[in-house]
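Quick notes on the structure that follows.
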Amino acid sequence: RKEVEQDPGPFNVPEGATVAFNCTYSNSASQSFFWYRQDCRKEPKLLMSVYSSGNEDGRFTAQLNRASQYISLLIRDSKLSDSATYLCVAIYYGNNRLAFGKGNQVVVIP
Amino acid sequence: TAGITQAPTSQILAAGRSMTLRCTQDMRHNAMYWYRQDLGLGLRLIHYSNTAGTTGKGEVPDGYSVSRANTDDFPLTLASAVPSQTSVYFCATGGPGTGDHEQFFGPGTRLTVL
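Line by line, the protein sequences are chains A and B. Heads up: the first sequence is residues 1 to 110, going by our numbering. Heads up: the second sequence is residues 1001 to 1114, going by our numbering.
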């Protein structure tokens, strides 16, 4: 079983709509979580960290549920420029290595 | 600043040939990583280095070797390439001190082994 699981989609979202997706992690010792964004044929880049209390960055909201071992990302008022693959990432402080999910592909449709 | 550079951008390689993918950073990060990304499999760690002079194996190290002679450079070598090593290779830097353990990725090298 992969350490981090994501539904690859694609998630087809009308422009202006809200989209949300989850990712589950298997290692309860995971300490920190992140969402990375990857555009087609480009390198991944950090979108936001995920804090236990949840956090918001503009139209993006990230949540962590340690009891059920999942994190979520919600995008409000979707823009065409939000079309990308969103990678869920967990890190274990013991080795400082990131475990990546396969990504949720989001396609915002005009 | 350039951040992280990778070379070459892309390469077609005959099976059995050797090749070194280059990665250089100017961010003075201690940790460096090599990943491969394949459709349907996501990003997988090949090798890593927590600091100059040390290296470690990741999830898929077989067929690859690395060295870390200094802080800035972390080359990845394929001694005898096979078609299953066709992939996009990303070098990354990061680790403690970079803020929340964020990793920074280079632009990638697209390798095709025929």
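All residues carry an ideal CB built from backbone N, CA and C; glycine is no exception.
A:D39 sits in coil when the DSSP states are folded into three classes, being neither helix nor strand. In the assembly as shown, B:G1106 is a buried residue. Its beta-carbon has 16 or more other beta-carbons within 10 Å. For A:L64, no chain B residue has a Cβ inside 7 Å of its Cβ, as the nearest lies near 14 Å away.
When DSSP reads this structure, B:T1020 sits in a beta bridge with B:T1077. With a threshold of 7 Å between beta carbons, B:F1074 makes no contact with chain A. In the structure shown, A:L80 falls within a helical segment according to DSSP collapsed to helix, strand and coil. Considering only A:F11, A:K2 and A:E5, the residue with the shortest C-alpha distance to A:S78 is A:F11. B:R1068 and B:A1031 have their alpha carbons spaced roughly 10 Å apart. For B:S1084, the number of other beta carbons within 10 angstroms of its own is below 16, and it is reported as exposed.
For A:V50, the beta-bridge partners assigned by DSSP are A:F33. In the DSSP assignment, B:G1094 falls within the unbroken beta strand (DSSP E) covering S1087 to G1094. Between the alpha carbons of B:S1065 and B:L1078 lies a gap of roughly 7 Å. Between A:A62 and the set A:Q69, A:R97 and A:G54, the nearest pair of CA atoms involves A:G54. B:L1043 is a Cβ neighbour of B:Y1035, given a cutoff of 7 Å.
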